[in-house]
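In our numbering, the protein residues as written are 2 to 150.
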C-alpha cells in the first residue's frame with residue numbers, strides 16, 4: 002500500500018514537472034517576440050495586393066514598393082552587422098586577457114544598431130501609412146474587418 006502511494010506521488014510530481022517544462026518552453030513570452038519587420042512587409046504587400054480596391058495611384062504603388070525594398074535591404078544590412086558584432090563579442094571573450102572596455106564598446110555598438118533597426122522600421126511603417134489618403138485608410142480598415150470575419 003505504501004509502495005503504491007509513493008509510486009503515485011512520484012508519477013504526479015513527474016507529470017507536473019513535465020507539464021511545467023513544456024509550458025516554459027512554449028509560453029507566449031519566451032521565444033516569441035513581436036516582429037516589426039514582418040508587420041511592415043505584410044502591410045506593404047496588403048496594400049499592393051489590394052491596390053485596385055483601395056484606389057491606389059501608380060505613384061502610390063511605386064512608393065510602397067520602393068519603401069518595402071529599401072526597408073528590407075536596410076534590415077538585412079543591420080542584421081548582418083549585429084550578427085558580426087555578436088561574433089566579435091564572442092571572439093573577445095575567448096581571449097586569454099579580456100579587455101573589458103573594448104568589450105563594453107562592442108556591446109554598446111551592437112545594441113545601438115538594434116535600436117537603429119527598430120527605429121528605422123517604425124519610421125518605414127509610419128511612412129507607409131502616410132502614403133494613403135484618409136479615404137484609402139477607411140477602405141483599408143473596412144477591408145481588414147471583412148477579411149477577419
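For glycine and all other residues, C-beta sits at the position ideal for the given N, C-alpha and C.
- Collapsing the DSSP output to three states places residue 51 in coil.
- The beta carbon of residue 51 lies closer than 7 Å to those of 144 in the same chain, with the five residues before and after it left out.
- Excluding sequence positions up to five before and after residue 68, its CB lies within less than 8 Å of the CB of 45, 125, 128, 129, 132, all in the same chain and listed in chain order.
- Classified as buried, residue 86 has 16 or more neighbouring CB atoms from the shown chains inside 10 Å of its CB.
- Cβ atoms of residue 118 and residue 76 come within 8 Å of each other, at about 6 Å.
- Assigned with DSSP and collapsed to three states, residue 97 falls in coil, not helix or strand.
- Between the alpha carbons of residue 104 and residue 54 lies a distance of about 53 Å.
- Listed in chain order, the non-local C-beta contacts of residue 101 below 8 Å within the same chain number zero, local neighbours out to five positions each way being set aside.
- When C-alpha distances from residue 84 are compared across 98, 47, 114, 63, the shortest belongs to 114.
- Runs of beta strand (DSSP E) with 3 or more residues, each lying fully within the region 61 to 143, are absent.
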